[in-house]
Structure formats: structure tokens, C-alpha cells
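Report on the following structure.
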Amino acid sequence: MSRKPKINFLSGYSPELQQQAENLIDSGKLPDYLRKRYQPGHSIVGSKALYQYTLELKNRYLRQSAPLNKVEYDDRIDVIHNALGLHTHISRVQGSKLRSKKEIRIASLFKQAPEPFLRMIVVHELAHIREKEHNRAFYKLCQHMEPDYHQLELDLRLYLTCLERFGPLY
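Going by full-length UniProt numbering, the first residue of the sequence shown is number 1, and it counts up by one from there.
Right under this line is the structure:
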């Protein structure tokens with residue numbers, strides 16, 4: 001009988017990695033591990049700044065993609081039970097034309113999170129502009145935009161676990 005992991009955010013990872021994370025949690029060293037790796041905060045706290053930040057990444061890596069209509073922080077995204085960010089693609093017929101809007105919403109938690117975690121979420125949502133599903137091409141695109149994508153994703157999951165278990169880091 002396999003045991004259920006103590007760490008909800010790491011359930012898809014190997015049992016060995018989960019055990020390493022559990023050891024960090026049990027010893028109380030997880031907050032120190034994250035503090036050593038990531039500096040606190042960033043200056044991208046408003047939705048206007050977030051839009052500019054996202055647009056710079058999009059223009060650097062996805063120039064040929066459709067424009068973004070809106071990028072904003074969203075207080076309604078429940079990180080623990082739902083998602084970290086959302087992307088929407090809305091098509092509407094206006095007269096004889098088809099109008100398309102692309103929006104990205106990022107959980108407000110990332111206003112206080114270290115900047116690499118914000119970048120990882122923005123990259124993830126931008127990748128959905130080209131790749132709708134979480135498939136090999138999607139993750140390859142994420143790694144093209146952020147070479148440390150997989151490490152950041154793992155550390156973000158540890159960060160969320162840390163917030164849940166120990167409270168704010170900084």
C-alpha cells in the first residue's frame with residue numbers, strides 16, 4: 001500500500017523527491033532553503049507594471065503571436081485550491097468581423113513572491129498562447145522562454161508548501 005504524500009503540491013513528483021521535501025519540512029529547514037535561493041519581492045506590484053513585464057517577455061519570445069488585451073493580478077484566484085494564473089481566449093462576432101481577446105490573470109499572491117516565481121507563472125501563461133495543452137511542445141516553449149523553468153516550478157511548489165506550513169518567508 002503506497003502512502004499518501006504530505007505535500008499536496010508535489011504529488012506528481014518522484015517518491016524520492018517527495019521524501020527530500022518532507023525531510024526539509026520536518027526539520028524546519030524549508031524556509032531557510034528558499035530564502036537562500038530567492039531574494040524577497042520585486043517592483044511589479046500593479047497590474048500596469050505586470051502588463052508591461054508580460055509584454056516584454058511576449059515581444060522577446062512570441063513576437064508573431066496575437067496581441068494581449070489584458071494582463072492583471074486577480075484576487076479571486078485561489079492558489080491553494082484552483083490555479084496560479086489563468087489565460088483566456090475570447091472570440092466574438094462584431095458585425096461581419098471576428099474579434100479575439102487574449103487575457104492573462106495572475107494570482108495576487110505573486111505580488112509578494114520572489115520575481116523568478118512571477119516570471120515562471122507569466123512564462124507558463126504566455127506559452128498557452130501557442131500551446132493550449134500541457135504537452136511536450138508546451139514545456140519546450142516554457143524552457144525556451146525560461147531555461148530554469150522546471151527548477152522554478154519545483155521551487156514554486158515548495159514555496160507554496162512553505163506558505164501553507166510556515167507562513168510568509170519574508
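All residues carry an ideal CB built from backbone N, CA and C; glycine is no exception. Keep in mind that this is a model prediction, so the values were computed, not measured.
Local conformation of residue i per DSSP, three classes
i, result
"residue 87", "strand"
"residue 139", "helix"
"residue 38", "coil"
"residue 98", "strand"
"residue 59", "helix"
"residue 129", "helix"
"residue 5", "Residue confidence for residue 5 is low, a pLDDT of 45 falling below 50, so the modelled location carries little weight; the figure read from the coordinates is stated next. It is coil, neither helix nor strand."
"residue 147", "coil"
"residue 21", "helix"
"residue 49", "helix"
"residue 124", "helix"
Residues that DSSP places opposite residue i in a beta bridge
i, result
"residue 11", "DSSP lists no partner for residue 11."
"residue 74", "107"
"residue 92", "99"
Cβ-Cβ distance between residue i and residue j below 8 Å
i, j, result
"residue 31", "residue 142", "no"
"residue 104", "residue 73", "no"
"residue 65", "residue 119", "no"
"residue 9", "residue 160", "yes"
"residue 62", "residue 116", "no"
"residue 24", "residue 33", "yes"
"residue 123", "residue 149", "yes"
"residue 121", "residue 85", "yes"
"residue 38", "residue 44", "no"
"residue 126", "residue 57", "yes"
"residue 108", "residue 75", "yes"
"residue 147", "residue 40", "no"
Rounded separation between residue i and residue j - CA only
i, j, result
"residue 68", "residue 94", "19 Å"
"residue 20", "residue 154", "12 Å"
"residue 88", "residue 102", "6 Å"
"residue 26", "residue 70", "41 Å"
"residue 11", "residue 17", "10 Å"
"residue 55", "residue 36", "29 Å"
"residue 22", "residue 128", "32 Å"
Contact belief for residue i with residue j at Cβ below 8 Å, rounded distance in angstroms
i, j, result
"residue 83", "residue 77", "6 Å"
CB contact below 8 Å: residue i versus chain C
i, result
"residue 145", "Of the protein chains in this structure there is only one, and it is not chain C."
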